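Undergrad: Protein chains in written order, with the numbering used here: chain A, 4 to 257; chain B, 4 to 257.
Just dropping this structure here.
Protein chains: 2
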Amino acid sequence: MKPLILITNDDGYAARGIQALTEVAREFGEVVVMAPAQNASAKSLSLTTKVPIRVRDIRQEEGLSSYACDGTPVDCLKLAVEHFCPRRPDLVLSGINHGSNSSINILYSGTMGAVLEATTLGFPAIGFSLLHHSPDADFEPSQPIVRHLVSHVLDHGLPPDVALNVNIPRLASADIKGIRLCRQSKAQWRDSFEKRIDPLGRPYWWLTGKFVCDNPTTDSDEWALAHGYVSVVPIHTDYTDFPALESLQSIQQF
Amino acid sequence: MKPLILITNDDGYAARGIQALTEVAREFGEVVVMAPAQNASAKSLSLTTKVPIRVRDIRQEEGLSSYACDGTPVDCLKLAVEHFCPRRPDLVLSGINHGSNSSINILYSGTMGAVLEATTLGFPAIGFSLLHHSPDADFEPSQPIVRHLVSHVLDHGLPPDVALNVNIPRLASADIKGIRLCRQSKAQWRDSFEKRIDPLGRPYWWLTGKFVCDNPTTDSDEWALAHGYVSVVPIHTDYTDFPALESLQSIQQF
Numbered sequence: 004m005k006p007l008i009l010i011t012n013d014d015g016y017a018a019r020g021i022q023a024l025t026e027v028a029r030e031f032g033e034v035v036v037m038a039p040a041q042n043a044s045a046k047s048l049s050l051t052t053k054v055p056i057r058v059r060d061i062r063q064e065e066g067l068s069s070y071a072c073d074g075t076p077v078d079c080l081k082l083a084v085e086h087f088c089p090r091r092p093d094l095v096l097s098g099i100n101h102g103s104n105s106s107i108n109i110l111y112s113g114t115m116g117a118v119l120e121a122t123t124l125g126f127p128a129i130g131f132s133l134l135h136h137s138p139d140a141d142f143e144p145s146q147p148i149v150r151h152l153v154s155h156v157l158d159h160g161l162p163p164d165v166a167l168n169v170n171i172p173r174l175a176s177a178d179i180k181g182i183r184l185c186r187q188s189k190a191q192w193r194d195s196f197e198k199r200i201d202p203l204g205r206p207y208w209w210l211t212g213k214f215v216c217d218n219p220t221t222d223s224d225e226w227a228l229a230h231g232y233v234s235v236v237p238i239h240t241d242y243t244d245f246p247a248l249e250s251l252q253s254i255q256q257f
Numbered sequence: 004m005k006p007l008i009l010i011t012n013d014d015g016y017a018a019r020g021i022q023a024l025t026e027v028a029r030e031f032g033e034v035v036v037m038a039p040a041q042n043a044s045a046k047s048l049s050l051t052t053k054v055p056i057r058v059r060d061i062r063q064e065e066g067l068s069s070y071a072c073d074g075t076p077v078d079c080l081k082l083a084v085e086h087f088c089p090r091r092p093d094l095v096l097s098g099i100n101h102g103s104n105s106s107i108n109i110l111y112s113g114t115m116g117a118v119l120e121a122t123t124l125g126f127p128a129i130g131f132s133l134l135h136h137s138p139d140a141d142f143e144p145s146q147p148i149v150r151h152l153v154s155h156v157l158d159h160g161l162p163p164d165v166a167l168n169v170n171i172p173r174l175a176s177a178d179i180k181g182i183r184l185c186r187q188s189k190a191q192w193r194d195s196f197e198k199r200i201d202p203l204g205r206p207y208w209w210l211t212g213k214f215v216c217d218n219p220t221t222d223s224d225e226w227a228l229a230h231g232y233v234s235v236v237p238i239h240t241d242y243t244d245f246p247a248l249e250s251l252q253s254i255q256q257f
């Protein structure tokens, strides 16, 4: 039986990035797409708890079932696995995101939220992002990279409870230097809110901010991307800081 | 100068849990509260990107400034640090959450999303949750635990980039066995969506689901809570799976 590949994203079902990803996935197996009906960027792993969710049928053809759902990326994934997949998926893909999810951007990303969720559910999963925010971004140079990584993961699997966060530099195929396994860079978002005054004189705040990653180490994703490589960060959902289990022993004396 | 403590949560500024937390925090220093105006549970680290944010002044008195904001817990934290704190906070607290954020619940929690955000901004941070969902939950037995942990962290600090995920069993003070440093348990949410039919015959889905943690190990938070202990999991925001950096080397051959 052909592999079953479940796909979602956070830019919405109609985005170019998810279309480019779906094209490649169909070369490998049967595909179910369940993606947000609207843009759901920066939704992290949020869940829709207060309202019911509707699902719209987008496209049904040989080897492809596509749906749009008004939930978050994590809602999409849970719902698809339980109610819209003909069997357990062999692989979960998310993206291709319009814009970077490297470094700490993984914390906020809906695209990567779905990947982390897939990991909790026991599925191998890969999140793809292109370092180009535009809705018209060209995803063609990303497709050979997606093809290589999907093929590798279908053939070899991933370690248990590990997923991949893949970021692709905005370069022509010929200029991409290769694929580098990396660690997540340490970074920070600064100056996140701008104060403005509305026409009635009342203050409001708009989200803004700049990403700051000083001196990324050569083993990190920011370094790889800045040097023309595709970054692949193996990630997991266990947030425990194990060294601190030793150093904080005295906190137990209550 | 007294320490400055910044407080948020995801149950909203009016919840009993944040009031109990604020009471204890005020024993230690000056407090700024910036919390969601409405319940923002299960918002994870989501950001408000499409609409501006308003802030409402709730209370100003000696040693306490309290605000409600219509953003997510992460929005609250960023906004408070940049525009509402008189100086850099010495400590960030979140909660006390009405309901557990142990194990993988940390992935979805807005309360813990704010704690992870605080870590990216370089602040020591503690998230507190009581294993009792009710809006009327009794937080009095939680207060001595909060007092102990806040005091310990103000006195000794935390390792760089490490925060604490504290869960408190629903027990009378006398029945709490102690505080245990733990690792995050592996678990899963199952059967997450229920299909229903609306009065016009159209399907919709409601979020539901049950938390499943089979045979938690004795070093884990679920084990500690099930045995009457407060669980303290040191956490970080680096999702890299370091063992996989070795085992996945061949994926770079592109």
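Just so it is clear, CB atoms sit at the ideal spot from N, CA and C, and this is done for glycine as well.
Predicted model only: the values in this text are computed from it and were never measured.
I need the DSSP call for Gly230/A, collapsed to helix, strand or coil.
TA: The residue you call residue 230/A lines up with position 227 of the first sequence. According to the sequence provided, residue 230/A is His. The question's Gly does not apply to it. Here His230/A sits in coil by DSSP.
Undergrad: Less than 8 Å between the C-beta atoms of Ser105/B and Asp224/B, yes or no?
TA: For this step, residue 105/B is matched to residue 102 along the second sequence. For this step, residue 224/B is matched to residue 221 along the second sequence. It is a contact, given that the beta carbons lie within the stated cut-off.
Undergrad: Under three-state DSSP, which class holds Gln63/B?
TA: Here residue 63/B refers to the residue found at position 60 when the second sequence is read from its first residue. DSSP places Gln63/B in strand when its eight states are reduced to three.
Undergrad: So, does the CB of Gln191/B fall closer than 8 Å to a CB anywhere in chain A?
TA: Counting from one through the second sequence, the residue named residue 191/B turns up at place 188. Judged by the 8 Å Cβ criterion, Gln191/B is in contact with chain A.
Undergrad: Using the Cα positions of Asp60/A and Ala23/A, report the straight-line distance between them to the nearest angstrom.
TA: Walking along the first sequence from the start, residue 60/A turns up at place 57. Walking along the first sequence from the start, residue 23/A turns up at place 20. Distance between the alpha carbons of Asp60/A and Ala23/A is about 19 Å.
Undergrad: Taking buried to mean at least 16 other C-beta atoms within 10 Å of its own C-beta, is Gln187/B buried or exposed?
TA: The residue labelled residue 187/B in the question sits at position 184 within the second sequence. Gln187/B is buried by the Cβ-count criterion.
Undergrad: Of the residues Gln63/B, Asn100/B, Ala43/B, Asp93/B, which one's Cα is nearest the Cα of Asp73/B?
TA: Start at 1 with the first residue of the second sequence, and residue 73/B comes out as number 70. That would be Ala43/B, whose Cα lies nearest to the Cα of Asp73/B.
Undergrad: Could you compute how far the alpha carbon of Ile10/B sits from the alpha carbon of Asn168/A?
TA: Translated into the one-based positions of the second sequence, residue 10/B becomes position 7. Translated into the one-based positions of the first sequence, residue 168/A becomes position 165. Taking the straight line from one Cα to the other gives about 32 Å.
Undergrad: Taking any Cβ of chain A, which residues in the segment 111-130 of chain B have a Cβ under 7 Å from it, in chain order?
TA: Answer set for the segment 111-130 of chain B: Tyr111, Gly116, Leu119, Thr123, Leu124.
Undergrad: Please classify Met37/A as buried or exposed, where buried requires at least 16 neighbouring CB atoms within 10 angstroms.
TA: For the purposes of this step, residue 37/A is taken as the residue at position 34 of the first sequence. Buried, because 16 or more other Cβ atoms sit within 10 Å of the Cβ of Met37/A.
Undergrad: In chain B, what lies closer than 7 Å to Phe196/A by C-beta?
TA: As a first step, residue 196/A is located in the first sequence; it is residue number 193 there, counting from the start. Here the neighbours are Lys81, Leu82, Glu85, His86.
Undergrad: Identify, in the order they occur along the chain, each residue of the same chain with its Cβ nearer than 8 Å to the Cβ of Arg150/B, setting aside the five sequence neighbours on each side.
TA: Translated into the one-based positions of the second sequence, residue 150/B becomes position 147. Closer than 8 Å at Cβ, skipping near neighbours: Val27, Glu30.
Undergrad: Please state whether DSSP places Cys72/A in a helix, a strand or coil.
TA: In the first sequence, residue 72/A corresponds to position 69, counting from 1. Correct three-state label for Cys72/A: strand.
Undergrad: Considering only C-alpha positions, which residue in the set Thr240/B, Pro6/B, Asp141/B, Ser195/B is nearest to Cys79/A?
TA: The count along the first sequence starts at 1 and reaches residue 79/A at position 76. Cα-wise, what sits closest to Cys79/A is Ser195/B.
Undergrad: Can you pull the chain A neighbours of His155/B, defined as C-beta to C-beta under 7 Å?
TA: Residue numbering aside, residue 155/B sits at position 152 when the second sequence is read from its first letter. The contacting residues are Ile254.
Undergrad: Step through the CB atoms of chain B and report whether any lies within less than 8 Å of the CB of Gln22/A.
TA: Working through the first sequence from its first residue, we reach residue 22/A at position 19. No, because no Cβ of chain B sits closer than 8 Å to the Cβ of Gln22/A.
Undergrad: I'd like to know if Thr51/B contacts chain A, where contact means its C-beta is closer than 8 Å to some C-beta of that chain.
TA: For this step, residue 51/B is matched to residue 48 along the second sequence. It does; some Cβ of chain A falls within 8 Å.
Undergrad: Contact criterion: CB-CB distance below 8 Å. Does Arg59/A meet it with respect to chain B?
TA: Within the first sequence, residue 59/A is the residue found at index 56, counting from 1. It does not: the Cβ of Arg59/A has no partner Cβ on chain B nearer than 8 Å.
Undergrad: Taking Cβ positions only, does Arg90/A come closer than 8 Å to chain B?
TA: Taking the first sequence and counting its residues from 1, the one referred to as residue 90/A is at position 87. Output row for Arg90/A: interface = no.
Undergrad: Residues in the same chain with beta-carbon distance under 7 Å from Tyr70/A, minus the five sequence neighbours each way, listed in chain order, please.
TA: For the purposes of this step, residue 70/A is taken as residue 67 along the first sequence, with counting starting at 1. Same-chain partners within the cutoff: Val36, Met37, Val58, Arg59, Asp60, Ile61, Phe87.
Undergrad: Gly113/A lies in the alpha helix (DSSP H); which residues open and close that run?
TA: The residue labelled residue 113/A in the question sits at position 110 within the first sequence. Gly113/A -> alpha helix (DSSP H) spans 113-123.
Undergrad: Name, please, each residue of chain B whose Cβ falls closer than 8 Å to the Cβ of Lys46/A.
TA: Sequence index remark: in the first sequence, residue 46/A carries index 43 (1-based). Neighbours of Lys46/A on chain B, chain order: Ser47, Ser49.
Undergrad: Please identify the residue among Gly98/A, Gly125/A, Pro163/A, Val153/A whose C-alpha is closest to the C-alpha of Phe142/A.
TA: Locating residue 142/A in the first sequence gives position 139, counting from the first residue. The candidate whose alpha carbon is nearest that of Phe142/A is Gly98/A.
Undergrad: Can you pull out the residues from the segment 216-243 of chain A whose beta carbon lies closer than 7 Å to at least one beta carbon of chain B?
TA: Within the segment 216-243 of chain A, the qualifying residues are Val235, Val236, Pro237, Ile238, His239, Thr240, Asp241, Tyr242, Thr243.
Undergrad: Are the beta-carbon atoms belonging to Pro144/B and Ile179/B less than 8 Å from one another?
TA: As a first step, residue 144/B is located in the second sequence; it is residue number 141 there, counting from the start. As a first step, residue 179/B is located in the second sequence; it is residue number 176 there, counting from the start. In this structure, Ile179/B lies closer than 8 Å to Pro144/B by Cβ.
Undergrad: What first and last residue would you give for the alpha helix (DSSP H) that runs through Leu157/B?
TA: In the second sequence, counting from the first residue as 1, residue 157/B sits at position 154. From DSSP, the alpha helix (DSSP H) with Leu157/B extends over 146-159.
Undergrad: Tell me, please, which residues DSSP counts as bridged to Ile56/B.
TA: Translated into the one-based positions of the second sequence, residue 56/B becomes position 53. Per DSSP, Trp208/A.
Undergrad: Is there a C-beta anywhere in chain B that falls below 8 Å from the one on Gln187/A?
TA: As a first step, residue 187/A is located in the first sequence; it is residue number 184 there, counting from the start. Chain B, which has a Cβ nearer than 8 Å to the Cβ of Gln187/A, makes this yes.
Undergrad: Could you name the residues that DSSP lists as bridge partners for Gly39/A?
TA: Stepping through the first sequence from its first residue, residue 39/A is reached at position 36. One point to set straight first is that residue 39/A is Pro, not Gly, in the sequence displayed. DSSP, once it has assigned bridges, lists Cys72/A as partnering Pro39/A.
Undergrad: Check whether the segment 159-177 of chain B touches the segment 209-222 of chain B, taking contact to mean three or more Cβ pairs, one atom from each stretch, closer than 8 Å.
TA: Contact fails: fewer than three Cβ-Cβ distances are below 8 Å.
Undergrad: Is it the case that the Cβ atoms of Lys213/B and Arg199/B are separated by a distance below 8 Å?
TA: Here the question's residue 213/B lines up with position 210 in the second sequence. Here the question's residue 199/B lines up with position 196 in the second sequence. Not in contact: Lys213/B and Arg199/B (Cβ atoms no closer than 8 Å).
Undergrad: Please list the terminal residues of the continuous beta strand (DSSP E) segment that includes Thr11/B.
TA: As a position in the second sequence, residue 11/B is number 8, starting the count at 1. Thr11/B -> beta strand (DSSP E) spans 7-11.
Undergrad: Skipping 5 residues on each side, what residues in its chain have a beta carbon closer than 6 Å to that of Tyr232/B?
TA: Translated into the one-based positions of the second sequence, residue 232/B becomes position 229. Within the same chain, Tyr232/B has close Cβ partners Lys180, Gly181, Arg183.
Undergrad: Given that a residue counts as buried once 16 or more other Cβ atoms are within 10 Å of its Cβ, and exposed if not, what is Asp201/A?
TA: Position 198 of the first sequence, counted from the first residue, corresponds to residue 201/A. Asp201/A should be labelled exposed.
Undergrad: Is the shortest distance between the beta-carbon of Gly181/B and the beta-carbons of chain A less than 8 Å?
TA: If you number the second sequence from 1, residue 181/B lands on position 178. Chain A contact via Cβ: present.
Undergrad: What residue does the beta strand (DSSP E) around Arg199/A start on, and which one ends it?
TA: For the purposes of this step, residue 199/A is taken as residue 196 along the first sequence, with counting starting at 1. Looking at the DSSP string, the run of the beta strand (DSSP E) that includes Arg199/A is 196-200.
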